[in-house]
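Heads up: the sequence shown begins at -10 in the numbering used here, then just goes up one per residue.
The beta-carbon is built from N, C-alpha and C at its ideal position, and this holds for glycine as well.
This structure is a prediction, so every number in the text was calculated from the model and none was measured.
One structure below.
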Amino acid sequence: MAAHTAADYAAMLRKLLPRGAIWTASPESNLARLLAAFGAERARLEGDAQRLLRELDPQQTLEALEDWEEELGLPDECFLAETIEARREAIVRKLQRGGFMNASFYVELARSHGYESAVVEEPHPFRAGSLTGDRVYSESFVYVFYVVVSASDSVRFFRAGSIAGERLREWDMSLECVMQKTKPAHTRVFIIYEEA
-10 MAAHTAADYA AMLRKLLPRG AIWTASPESN LARLLAAFGA ERARLEGDAQ
40 RLLRELDPQQ TLEALEDWEE ELGLPDECFL AETIEARREA IVRKLQRGGF
90 MNASFYVELA RSHGYESAVV EEPHPFRAGS LTGDRVYSES FVYVFYVVVS
140 ASDSVRFFRA GSIAGERLRE WDMSLECVMQ KTKPAHTRVF IIYEEA
């Protein structure tokens, strides 16, 4: 819906005036100027209300960006966004994160960071009845899980035009930071980068 202008509101207020000779508002009269001032204030309030509605959406927020970040504990060591778009994306990503601490939660978390082939593996201790070829894990591995991702999703290679001193291969470590931060306190998580 298009916002009303100050003239629109002044015209609406003029229609609300009682009938009579003294209530006719010629364009240069004090009454017309008073209605124009009231109309300008109502138009400003409508604009503020529309801006407030936009600020409720974290994908469009600008004025309330810092309020959203403060509410969600951002920026933190995992989300050091510089641009407004990256800051909005961090807010949306954190809001969309579910609260279930199961394998599918960590798979979705990895996928939200661009690791489409993410898989969670949970080692099981070797016990009587385990199959030949099973890995031999101790009881302490009950509290360990692995997130297996494709290395090609996270690696940035040294290329022509790169600056001297840059690493030949560098991994995006934001996934590890997020996984360490969201894992249950009694567990350990390891990220395994598999070659494609």
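{"Item": "In angstroms with no decimal places, state the Cα-to-Cα distance between threonine 50 and glutamate 183.", "Value": "38 Å"}
{"Item": "As a quick exercise: from Asp(-3), Lys4, Ala21, pick the residue whose alpha carbon is nearest that of arginine 31.", "Value": "Asp(-3)"}
{"Item": "Taking the C-alpha atoms as reference points, what is the distance between arginine 77 and leucine 98?", "Value": "17 Å"}
{"Item": "If you scan the region 28 to 110 from start to end, which runs of the beta strand (DSSP E) of 3 or more residues do you find wholly inside it?", "Value": "108 to 110"}
{"Item": "Suppose contacts are defined by Cβ-Cβ distances below 7 Å. Is valine 138 in contact with tyrosine 104 by that definition?", "Value": "yes"}
{"Item": "Exposed or buried, which one is lysine 83 when buried takes at least 16 other CB atoms within 10 Å?", "Value": "buried"}
{"Item": "For the region 3 to 13 against the region 31 to 48, are there 3 or more C-beta pairs whose distance is under 8 Å?", "Value": "no"}
{"Item": "Using the Cβ count rule (16 or more neighbours within 10 Å means buried), how would you classify glycine 62?", "Value": "exposed"}
{"Item": "Check for me: the alpha helix (DSSP H) holding arginine 3 runs from which residue to which?", "Value": "-5 to 4"}
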